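Mapping of the sequence shown onto numbering that gives the first Met the number 0: position 176 corresponds to residue 175, and the numbering continues sequentially without gaps.
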Amino acid sequence: MNFWGRKSAFFISGIGFIILGFIGACWWFLKPTYAPLLQQENKEIQAKVINILDSSNIPYTIKNNIVEVEEERLGEAKIALDKGGLSNPETVGFELFNETDYGMSDFAQKINFQRALEGELARSIMTMDGVKYARVHLTPERDTIYEIDKATAKASVVIETINNYQLNKESIEGIQNLVASAVSGLDAKSVVLLNDHGEIVSNNLNRESSALNRSEDIEAKIESKVRSILFQSFSISKVSVSANVQVNFDKRKVTSEKPILSDAGILLLSKKESSSNTSNIENAKASQSDNSRDSEYAIGKETSEVEYATGKISKINVGVIVPNTLSAIQLLNIQQVLEVGLGIDKKRGDNLVLVSSMLQPENIVPAPTQPQKTEVLDHDHATQVSTSNIFSPFNIVLFSALFLILLFLIIKFIRQEPSREKNEKDALSDEEREQLLVNLKYWLGKDESK
(Lines of atoms letter the chains of each structure in order from A; the text may use other names.)
(Lines give C-alpha, C1' and ligand atoms only; values in the text may rest on other atoms or scores of the structure.)
Protein backbone atom coordinates (compact mmCIF):
# COMPACT_ATOMS: atom_id res chain seq x y z
CA MET A 0 0.00 0.00 0.00
CA ASN A 1 2.89 2.38 0.68
CA PHE A 2 4.19 1.74 -2.81
CA TRP A 3 0.78 2.47 -4.31
CA GLY A 4 0.48 5.60 -2.21
CA ARG A 5 3.78 6.91 -3.50
CA LYS A 6 2.86 5.94 -7.05
CA SER A 7 -0.53 7.63 -6.91
CA ALA A 8 1.04 10.75 -5.43
CA PHE A 9 3.54 10.81 -8.29
CA PHE A 10 0.80 10.54 -10.89
CA ILE A 11 -1.33 13.19 -9.21
CA SER A 12 1.66 15.54 -9.07
CA GLY A 13 2.37 14.88 -12.75
CA ILE A 14 -1.23 15.64 -13.66
CA GLY A 15 -1.06 18.83 -11.64
CA PHE A 16 2.09 19.95 -13.44
CA ILE A 17 0.50 19.15 -16.81
CA ILE A 18 -2.57 21.21 -15.96
CA LEU A 19 -0.49 24.13 -14.73
CA GLY A 20 1.72 23.95 -17.83
CA PHE A 21 -1.31 23.93 -20.11
CA ILE A 22 -2.85 26.90 -18.32
CA GLY A 23 0.47 28.78 -18.45
CA ALA A 24 0.89 28.07 -22.17
CA CYS A 25 -2.65 29.26 -22.89
CA TRP A 26 -2.04 32.44 -20.90
CA TRP A 27 1.28 33.07 -22.64
CA PHE A 28 -0.10 32.68 -26.15
CA LEU A 29 -3.43 34.38 -25.52
CA LYS A 30 -2.18 37.38 -23.59
CA PRO A 31 -2.37 40.65 -25.60
CA THR A 32 0.80 42.08 -27.09
CA TYR A 33 1.39 45.71 -26.15
CA ALA A 34 2.98 48.27 -28.47
CA PRO A 35 4.30 51.74 -27.54
CA LEU A 36 1.84 54.54 -28.19
CA LEU A 37 3.44 57.67 -26.75
CA GLN A 38 6.53 58.52 -24.74
CA GLN A 39 5.93 61.51 -22.52
CA GLU A 40 7.60 62.51 -19.27
CA ASN A 41 5.17 65.34 -18.61
CA LYS A 42 2.75 63.96 -16.03
CA GLU A 43 0.01 66.38 -17.05
CA ILE A 44 0.06 65.30 -20.68
CA GLN A 45 0.36 61.68 -19.60
CA ALA A 46 -2.76 62.07 -17.46
CA LYS A 47 -4.66 63.52 -20.45
CA VAL A 48 -3.60 60.55 -22.57
CA ILE A 49 -4.79 58.12 -19.89
CA ASN A 50 -8.14 59.90 -19.65
CA ILE A 51 -8.63 59.63 -23.41
CA LEU A 52 -7.77 55.92 -23.37
CA ASP A 53 -10.09 55.29 -20.42
CA SER A 54 -12.95 57.08 -22.14
CA SER A 55 -12.34 54.99 -25.27
CA ASN A 56 -12.17 51.72 -23.25
CA ILE A 57 -8.69 50.92 -24.55
CA PRO A 58 -6.46 48.88 -22.17
CA TYR A 59 -3.02 50.34 -21.54
CA THR A 60 0.13 49.95 -19.48
CA ILE A 61 2.85 52.44 -18.53
CA LYS A 62 6.52 51.40 -18.55
CA ASN A 63 9.35 53.92 -18.19
CA ASN A 64 7.06 56.85 -19.08
CA ILE A 65 5.96 55.00 -22.23
CA VAL A 66 2.23 54.47 -22.66
CA GLU A 67 1.60 51.10 -24.31
CA VAL A 68 -1.66 49.75 -25.69
CA GLU A 69 -2.71 46.46 -27.26
CA GLU A 70 -1.05 46.07 -30.63
CA GLU A 71 -4.28 45.27 -32.44
CA ARG A 72 -5.88 48.47 -31.08
CA LEU A 73 -2.91 50.74 -31.74
CA GLY A 74 -4.57 52.43 -34.72
CA GLU A 75 -7.75 53.04 -32.71
CA ALA A 76 -5.70 54.59 -29.89
CA LYS A 77 -3.88 56.90 -32.33
CA ILE A 78 -7.16 58.11 -33.76
CA ALA A 79 -8.53 58.72 -30.25
CA LEU A 80 -5.45 60.78 -29.32
CA ASP A 81 -5.66 62.67 -32.60
CA LYS A 82 -9.26 63.63 -31.88
CA GLY A 83 -8.16 64.83 -28.46
CA GLY A 84 -5.28 66.82 -29.94
CA LEU A 85 -2.63 64.67 -28.26
CA SER A 86 -1.28 62.60 -31.14
CA ASN A 87 2.01 64.39 -30.58
CA PRO A 88 2.23 67.26 -28.10
CA GLU A 89 5.04 68.84 -30.09
CA THR A 90 2.88 69.00 -33.23
CA VAL A 91 0.43 71.87 -33.53
CA GLY A 92 -2.58 71.85 -35.81
CA PHE A 93 -5.42 74.22 -36.56
CA GLU A 94 -5.89 74.78 -32.82
CA LEU A 95 -3.21 77.40 -33.43
CA PHE A 96 -6.05 79.67 -34.56
CA ASN A 97 -8.16 79.20 -31.44
CA GLU A 98 -6.88 82.50 -30.11
CA THR A 99 -6.80 84.76 -33.15
CA ASP A 100 -4.82 87.96 -32.99
CA TYR A 101 -6.55 90.41 -35.30
CA GLY A 102 -3.50 92.65 -35.33
CA MET A 103 -1.38 89.92 -36.93
CA SER A 104 0.05 90.70 -40.34
CA ASP A 105 -0.87 88.79 -43.46
CA PHE A 106 2.62 87.26 -43.64
CA ALA A 107 2.32 85.94 -40.07
CA GLN A 108 -1.11 84.52 -40.86
CA LYS A 109 0.34 82.61 -43.83
CA ILE A 110 3.16 81.23 -41.70
CA ASN A 111 0.72 80.06 -39.01
CA PHE A 112 -1.52 78.46 -41.63
CA GLN A 113 1.46 76.59 -43.07
CA ARG A 114 2.51 75.40 -39.60
CA ALA A 115 -1.03 74.26 -38.82
CA LEU A 116 -1.35 72.43 -42.13
CA GLU A 117 1.99 70.68 -41.61
CA GLY A 118 0.89 69.60 -38.14
CA GLU A 119 -2.47 68.28 -39.32
CA LEU A 120 -0.82 66.29 -42.11
CA ALA A 121 1.73 64.86 -39.65
CA ARG A 122 -1.07 63.80 -37.31
CA SER A 123 -2.93 62.10 -40.14
CA ILE A 124 0.19 60.20 -41.19
CA MET A 125 0.87 59.10 -37.60
CA THR A 126 -2.54 57.39 -37.45
CA MET A 127 -1.38 54.86 -40.06
CA ASP A 128 -0.19 51.38 -39.13
CA GLY A 129 3.50 51.09 -38.42
CA VAL A 130 4.13 54.85 -38.22
CA LYS A 131 5.50 56.09 -34.92
CA TYR A 132 6.38 59.70 -35.76
CA ALA A 133 6.02 61.97 -38.79
CA ARG A 134 7.11 65.47 -39.67
CA VAL A 135 5.98 67.40 -42.74
CA HIS A 136 7.70 70.34 -44.45
CA LEU A 137 5.82 72.30 -47.11
CA THR A 138 7.07 74.75 -49.72
CA PRO A 139 3.92 76.43 -51.05
CA GLU A 140 3.52 77.67 -54.57
CA ARG A 141 4.74 81.23 -54.96
CA ASP A 142 2.34 83.58 -56.72
CA THR A 143 3.92 86.07 -59.08
CA ILE A 144 2.87 88.05 -62.12
CA TYR A 145 5.89 86.75 -63.99
CA GLU A 146 5.45 83.25 -65.30
CA ILE A 147 9.19 82.66 -65.47
CA ASP A 148 9.60 83.34 -61.74
CA LYS A 149 6.74 81.08 -60.70
CA ALA A 150 7.85 78.34 -58.26
CA THR A 151 5.95 75.07 -57.97
CA ALA A 152 4.89 73.61 -54.63
CA LYS A 153 7.04 70.94 -52.98
CA ALA A 154 6.84 68.85 -49.83
CA SER A 155 9.02 66.51 -47.80
CA VAL A 156 7.93 64.02 -45.16
CA VAL A 157 10.16 62.37 -42.55
CA ILE A 158 8.73 59.16 -41.09
CA GLU A 159 9.88 57.07 -38.14
CA THR A 160 8.39 53.59 -38.06
CA ILE A 161 7.78 51.14 -35.23
CA ASN A 162 10.42 48.40 -34.90
CA ASN A 163 11.90 49.22 -38.34
CA TYR A 164 8.56 48.58 -40.03
CA GLN A 165 8.96 48.77 -43.83
CA LEU A 166 6.36 50.86 -45.64
CA ASN A 167 5.09 49.15 -48.76
CA LYS A 168 4.45 50.75 -52.12
CA GLU A 169 0.75 51.37 -51.46
CA SER A 170 1.47 53.17 -48.16
CA ILE A 171 4.09 55.43 -49.76
CA GLU A 172 1.78 56.35 -52.63
CA GLY A 173 -1.05 56.95 -50.17
CA ILE A 174 1.07 59.40 -48.13
CA GLN A 175 2.15 61.21 -51.29
CA ASN A 176 -1.44 61.59 -52.49
CA LEU A 177 -2.59 62.66 -49.01
CA VAL A 178 -0.08 65.51 -48.86
CA ALA A 179 -0.62 66.49 -52.51
CA SER A 180 -4.40 66.67 -52.06
CA ALA A 181 -4.09 69.00 -49.06
CA VAL A 182 -1.75 71.53 -50.70
CA SER A 183 -2.80 73.67 -53.64
CA GLY A 184 -0.70 73.20 -56.77
CA LEU A 185 1.28 70.26 -55.35
CA ASP A 186 1.87 67.18 -57.46
CA ALA A 187 2.19 63.79 -55.79
CA LYS A 188 5.53 63.22 -57.54
CA SER A 189 6.89 66.34 -55.83
CA VAL A 190 6.40 64.81 -52.37
CA VAL A 191 9.62 63.24 -51.08
CA LEU A 192 9.50 60.63 -48.28
CA LEU A 193 12.47 59.90 -46.02
CA ASN A 194 12.79 57.28 -43.31
CA ASP A 195 14.37 57.81 -39.91
CA HIS A 196 17.78 56.83 -41.37
CA GLY A 197 17.69 59.69 -43.89
CA GLU A 198 17.11 57.36 -46.85
CA ILE A 199 14.76 58.46 -49.63
CA VAL A 200 12.05 55.85 -50.08
CA SER A 201 9.94 57.59 -52.74
CA ASN A 202 12.42 59.09 -55.20
CA ASN A 203 12.52 56.25 -57.69
CA LEU A 204 9.23 54.64 -56.72
CA ASN A 205 7.08 56.07 -59.51
CA ARG A 206 9.73 55.67 -62.18
CA GLU A 207 10.58 52.08 -61.26
CA SER A 208 6.94 51.16 -60.91
CA SER A 209 5.97 52.67 -64.27
CA ALA A 210 8.97 51.06 -65.98
CA LEU A 211 8.13 47.63 -64.60
CA ASN A 212 4.43 47.93 -65.39
CA ARG A 213 5.18 49.20 -68.89
CA SER A 214 7.49 46.26 -69.65
CA GLU A 215 5.08 43.71 -68.20
CA ASP A 216 2.15 45.14 -70.15
CA ILE A 217 4.05 45.00 -73.45
CA GLU A 218 5.28 41.46 -72.77
CA ALA A 219 1.76 40.29 -71.90
CA LYS A 220 0.33 41.85 -75.08
CA ILE A 221 3.04 40.24 -77.23
CA GLU A 222 2.42 36.79 -75.71
CA SER A 223 -1.33 37.18 -76.17
CA LYS A 224 -0.88 38.30 -79.78
CA VAL A 225 1.37 35.31 -80.58
CA ARG A 226 -1.17 32.84 -79.16
CA SER A 227 -3.99 34.57 -81.02
CA ILE A 228 -2.13 34.48 -84.37
CA LEU A 229 -1.18 30.82 -84.02
CA PHE A 230 -4.65 29.75 -82.92
CA GLN A 231 -6.73 31.75 -85.41
CA SER A 232 -4.46 31.45 -88.46
CA PHE A 233 -2.78 28.06 -87.99
CA SER A 234 -5.15 26.31 -85.53
CA ILE A 235 -2.31 25.72 -83.06
CA SER A 236 -3.45 25.75 -79.44
CA LYS A 237 -0.51 23.90 -77.88
CA VAL A 238 2.13 26.59 -77.71
CA SER A 239 4.52 28.10 -75.19
CA VAL A 240 5.49 31.76 -75.51
CA SER A 241 7.97 33.89 -73.59
CA ALA A 242 8.67 37.54 -74.35
CA ASN A 243 11.26 39.94 -72.99
CA VAL A 244 10.99 43.64 -73.76
CA GLN A 245 13.60 46.26 -72.95
CA VAL A 246 12.11 49.72 -72.52
CA ASN A 247 14.21 52.88 -72.47
CA PHE A 248 12.99 55.43 -69.94
CA ASP A 249 15.88 57.87 -70.37
CA LYS A 250 14.82 61.43 -71.08
CA ARG A 251 16.24 62.87 -74.29
CA LYS A 252 16.22 66.51 -75.32
CA VAL A 253 17.68 67.73 -78.63
CA THR A 254 18.38 71.38 -79.45
CA SER A 255 19.03 72.31 -83.09
CA GLU A 256 19.83 75.58 -84.85
CA LYS A 257 19.55 76.42 -88.55
CA PRO A 258 19.99 79.68 -90.50
CA ILE A 259 17.07 81.60 -91.94
CA LEU A 260 17.83 82.41 -95.59
CA SER A 261 16.21 84.92 -97.90
CA ASP A 262 15.34 84.37 -101.55
CA ALA A 263 18.88 85.34 -102.50
CA GLY A 264 20.30 82.94 -99.97
CA ILE A 265 21.10 85.53 -97.30
CA LEU A 266 19.24 87.93 -95.07
CA LEU A 267 19.90 91.62 -95.72
CA LEU A 268 20.05 93.56 -92.51
CA SER A 269 20.74 97.10 -93.83
CA LYS A 270 22.00 98.91 -96.93
CA LYS A 271 23.70 102.30 -97.18
CA GLU A 272 24.64 104.26 -100.33
CA SER A 273 26.58 107.54 -100.62
CA SER A 274 27.90 109.62 -103.58
CA SER A 275 30.22 112.67 -103.81
CA ASN A 276 31.32 114.95 -106.70
CA THR A 277 34.48 117.09 -106.57
CA SER A 278 35.56 119.67 -109.17
CA ASN A 279 38.65 121.80 -109.48
CA ILE A 280 37.64 125.36 -110.18
CA GLU A 281 41.06 126.41 -110.96
CA ASN A 282 41.41 123.72 -113.51
CA ALA A 283 38.14 123.36 -115.29
CA LYS A 284 39.36 120.48 -117.24
CA ALA A 285 39.85 118.35 -114.20
CA SER A 286 36.74 117.02 -112.52
CA GLN A 287 36.20 113.93 -110.30
CA SER A 288 33.11 112.02 -109.19
CA ASP A 289 33.19 109.48 -106.26
CA ASN A 290 30.35 106.99 -105.62
CA SER A 291 30.36 104.53 -102.64
CA ARG A 292 27.87 101.88 -101.51
CA ASP A 293 27.96 100.18 -98.13
CA SER A 294 25.82 97.13 -97.42
CA GLU A 295 25.58 95.12 -94.23
CA TYR A 296 24.39 91.53 -94.26
CA ALA A 297 23.42 89.21 -91.45
CA ILE A 298 22.30 85.61 -91.32
CA GLY A 299 19.38 84.82 -89.01
CA LYS A 300 19.05 81.50 -87.16
CA GLU A 301 16.16 79.40 -85.95
CA THR A 302 16.47 77.40 -82.71
CA SER A 303 14.22 74.43 -82.02
CA GLU A 304 14.08 72.09 -79.03
CA VAL A 305 12.64 68.60 -79.26
CA GLU A 306 12.06 66.52 -76.10
CA TYR A 307 11.44 62.86 -76.82
CA ALA A 308 8.92 60.94 -74.75
CA THR A 309 10.13 58.19 -72.42
CA GLY A 310 9.10 54.56 -72.59
CA LYS A 311 10.46 53.76 -76.04
CA ILE A 312 11.00 50.10 -76.87
CA SER A 313 14.70 49.47 -77.41
CA LYS A 314 14.66 45.70 -77.98
CA ILE A 315 12.21 42.81 -78.25
CA ASN A 316 13.10 39.16 -77.68
CA VAL A 317 10.44 36.50 -78.27
CA GLY A 318 10.72 32.74 -77.93
CA VAL A 319 7.99 30.44 -79.26
CA ILE A 320 7.77 26.66 -78.85
CA VAL A 321 5.32 24.79 -81.10
CA PRO A 322 4.60 21.05 -81.51
CA ASN A 323 6.96 19.01 -83.69
CA THR A 324 4.16 17.98 -86.05
CA LEU A 325 4.70 21.06 -88.22
CA SER A 326 6.73 20.93 -91.41
CA ALA A 327 9.68 23.17 -92.23
CA ILE A 328 7.60 25.25 -94.65
CA GLN A 329 4.92 25.79 -92.01
CA LEU A 330 7.55 26.85 -89.49
CA LEU A 331 9.00 29.33 -91.97
CA ASN A 332 5.56 30.78 -92.72
CA ILE A 333 4.76 31.08 -89.02
CA GLN A 334 8.04 32.86 -88.33
CA GLN A 335 7.47 35.34 -91.16
CA VAL A 336 3.93 36.09 -89.99
CA LEU A 337 5.06 36.59 -86.40
CA GLU A 338 7.91 38.90 -87.42
CA VAL A 339 5.50 41.12 -89.33
CA GLY A 340 2.71 40.92 -86.76
CA LEU A 341 4.96 41.72 -83.79
CA GLY A 342 6.98 44.40 -85.57
CA ILE A 343 10.32 42.62 -85.19
CA ASP A 344 13.09 44.97 -86.32
CA LYS A 345 16.38 43.14 -86.81
CA LYS A 346 18.26 46.43 -87.26
CA ARG A 347 17.22 47.33 -83.73
CA GLY A 348 18.44 43.96 -82.48
CA ASP A 349 15.08 42.21 -82.08
CA ASN A 350 15.06 38.42 -82.01
CA LEU A 351 12.32 35.90 -82.75
CA VAL A 352 13.17 32.26 -82.09
CA LEU A 353 10.72 29.60 -83.25
CA VAL A 354 11.38 26.03 -82.09
CA SER A 355 9.46 22.80 -82.63
CA SER A 356 9.84 20.51 -79.65
CA MET A 357 9.00 16.95 -78.71
CA LEU A 358 7.54 18.25 -75.49
CA GLN A 359 3.86 18.91 -75.64
CA PRO A 360 2.98 22.09 -73.75
CA GLU A 361 -0.32 22.19 -71.97
CA ASN A 362 -3.33 23.46 -73.85
CA ILE A 363 -3.59 27.19 -73.71
CA VAL A 364 -6.78 28.83 -74.85
CA PRO A 365 -5.88 32.19 -76.35
CA ALA A 366 -7.29 34.94 -74.21
CA PRO A 367 -6.15 38.42 -73.30
CA THR A 368 -3.69 38.13 -70.49
CA GLN A 369 -3.32 40.70 -67.79
CA PRO A 370 -0.39 41.21 -65.48
CA GLN A 371 -0.93 39.33 -62.28
CA LYS A 372 -0.84 41.28 -59.08
CA THR A 373 1.16 39.68 -56.34
CA GLU A 374 0.56 40.75 -52.80
CA VAL A 375 3.69 40.68 -50.64
CA LEU A 376 3.13 40.57 -46.90
CA ASP A 377 5.83 41.78 -44.62
CA HIS A 378 7.28 39.33 -42.11
CA ASP A 379 5.62 40.88 -39.06
CA HIS A 380 2.21 40.85 -40.67
CA ALA A 381 2.62 37.25 -41.89
CA THR A 382 3.69 36.13 -38.44
CA GLN A 383 0.72 37.89 -36.89
CA VAL A 384 -1.69 36.26 -39.36
CA SER A 385 -0.25 32.77 -38.80
CA THR A 386 -0.32 33.21 -35.03
CA SER A 387 -3.92 34.40 -35.08
CA ASN A 388 -4.88 31.39 -37.22
CA ILE A 389 -3.19 28.92 -34.86
CA PHE A 390 -4.72 30.42 -31.74
CA SER A 391 -8.19 31.02 -33.09
CA PRO A 392 -11.15 30.24 -30.80
CA PHE A 393 -11.90 27.01 -32.69
CA ASN A 394 -8.34 25.74 -32.32
CA ILE A 395 -8.30 26.65 -28.62
CA VAL A 396 -11.49 24.62 -28.04
CA LEU A 397 -10.02 21.73 -30.02
CA PHE A 398 -6.79 21.76 -28.02
CA SER A 399 -8.75 21.91 -24.76
CA ALA A 400 -10.89 18.93 -25.79
CA LEU A 401 -7.83 16.88 -26.70
CA PHE A 402 -6.22 17.78 -23.39
CA LEU A 403 -9.32 16.72 -21.45
CA ILE A 404 -9.47 13.41 -23.34
CA LEU A 405 -5.82 12.76 -22.55
CA LEU A 406 -6.42 13.63 -18.90
CA PHE A 407 -9.43 11.26 -18.78
CA LEU A 408 -7.36 8.39 -20.18
CA ILE A 409 -4.61 8.99 -17.62
CA ILE A 410 -7.10 9.01 -14.73
CA LYS A 411 -8.77 5.87 -16.04
CA PHE A 412 -5.41 4.12 -16.27
CA ILE A 413 -4.58 5.14 -12.70
CA ARG A 414 -7.93 3.87 -11.39
CA GLN A 415 -7.48 0.49 -13.10
CA GLU A 416 -4.00 0.06 -11.63
CA PRO A 417 -5.03 -0.82 -7.98
CA SER A 418 -7.67 -3.34 -9.07
CA ARG A 419 -5.12 -5.06 -11.28
CA GLU A 420 -2.62 -5.21 -8.40
CA LYS A 421 -5.33 -6.48 -6.08
CA ASN A 422 -6.23 -9.27 -8.48
CA GLU A 423 -2.59 -10.17 -8.82
CA LYS A 424 -2.22 -10.12 -5.05
CA ASP A 425 -5.32 -12.34 -4.48
CA ALA A 426 -4.22 -14.94 -7.05
CA LEU A 427 -2.86 -18.31 -5.62
CA SER A 428 0.59 -19.57 -6.34
CA ASP A 429 1.25 -23.06 -7.76
CA GLU A 430 2.23 -24.50 -4.39
CA GLU A 431 -0.85 -23.07 -2.71
CA ARG A 432 -3.01 -24.42 -5.52
CA GLU A 433 -1.53 -27.95 -5.13
CA GLN A 434 -1.94 -27.80 -1.35
CA LEU A 435 -5.55 -26.75 -1.80
CA LEU A 436 -6.20 -29.73 -4.12
CA VAL A 437 -4.66 -32.12 -1.62
CA ASN A 438 -6.84 -30.71 1.14
CA LEU A 439 -9.95 -31.01 -1.03
CA LYS A 440 -9.18 -34.65 -1.83
CA TYR A 441 -8.60 -35.36 1.83
CA TRP A 442 -11.88 -33.72 2.79
CA LEU A 443 -13.78 -35.55 0.09
CA GLY A 444 -12.25 -38.92 1.08
CA LYS A 445 -13.09 -38.31 4.69
CA ASP A 446 -16.72 -37.61 3.81
CA GLU A 447 -17.01 -40.83 1.78
CA SER A 448 -15.60 -42.93 4.64
CA LYS A 449 -18.29 -41.63 6.91
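Just so you know, even glycine gets a beta-carbon here, dropped at the ideal spot from N, CA and C.
This structure is a prediction, so every number in the text was calculated from the model and none was measured.
Could you please give the first and the last residue of the uninterrupted alpha helix (DSSP H) stretch that includes residue i?
i: G318; result: G318 -> not in any alpha helix (DSSP H); beta strand (DSSP E) instead, spanning 311–322.
i: L171; result: According to the sequence shown, residue 171 is Ile rather than Leu. Note, I171: alpha helix (DSSP H), 168–181.
i: K30; result: Unbroken run through K30: none, as it is neither H nor E.
i: S54; result: 42–54
i: F185; result: The question names Phe, yet the displayed sequence has Leu at residue 185. Counting along the chain, L185 falls outside any alpha helix (DSSP H), and DSSP gives it neither H nor E.
i: N333; result: As written in the sequence, residue 333 is Ile, which differs from the Asn given in the question. From DSSP, the alpha helix (DSSP H) with I333 extends over 327–341.
By the 10 Å Cβ neighbour count, where 16 or more other Cβ atoms means buried, how is residue i classified, buried or exposed?
i: L19; result: exposed
i: M125; result: buried
i: A242; result: buried
i: E431; result: exposed
i: L185; result: buried
i: E43; result: exposed
i: R141; result: exposed
i: P370; result: Per-residue confidence for P370 stands at a pLDDT of 39, beneath the threshold of 50, marking its modelled position as unreliable; the derived number appears in the next sentence. Burial call: exposed.
i: K440; result: exposed
i: L331; result: exposed
i: Y59; result: buried
i: V437; result: exposed
Measuring straight from C-alpha to C-alpha, what distance separates residue i and residue j?
i: P367; j: R72; result: Reliability fails at P367, whose pLDDT of 46 lies under 50, so the model's placement of it is uncertain and no value is given.
i: Q329; j: G318; result: 17 Å
i: E374; j: N212; result: Per-residue confidence for E374 stands at a pLDDT of 36, beneath the threshold of 50, marking its modelled position as unreliable; the derived number appears in the next sentence. Taking the straight line from one Cα to the other gives about 15 Å.
i: K346; j: I315; result: 11 Å
i: I174; j: V200; result: 12 Å
i: Y307; j: V66; result: 56 Å
i: Y132; j: I410; result: 57 Å
i: N350; j: S255; result: 34 Å
i: T138; j: E338; result: 52 Å
i: F96; j: I78; result: 22 Å
i: S313; j: V305; result: 19 Å
i: L443; j: I17; result: 59 Å
Is residue i near residue j, with beta carbons less than 7 Å apart?
i: T309; j: K250; result: yes
i: V451; j: S214; result: No answer is possible for residue 451: it lies beyond the span of the chain, which begins at 0 and ends at 449.
i: E222; j: V244; result: no
i: F21; j: F407; result: no
i: A181; j: L120; result: yes
i: L353; j: Q334; result: yes
i: V135; j: E117; result: yes
i: G197; j: Y164; result: no
i: A179; j: V190; result: yes
i: A34; j: I57; result: no
i: S303; j: N323; result: no
i: I61; j: L80; result: no
i: I320; j: S399; result: no
So the beta strand (DSSP E) residue i belongs to, where does it begin and stop?
i: V244; result: 239–247
i: N350; result: 350–356
i: E69; result: 65–69
i: K346; result: No beta strand (DSSP E) holds K346; DSSP gives it neither H nor E.
i: I61; result: 59–62
Query raised in the report: Can you list the alpha helix (DSSP H) stretches of 4 or more residues lying completely in the segment 96–166, in chain order?
Result: 105–125
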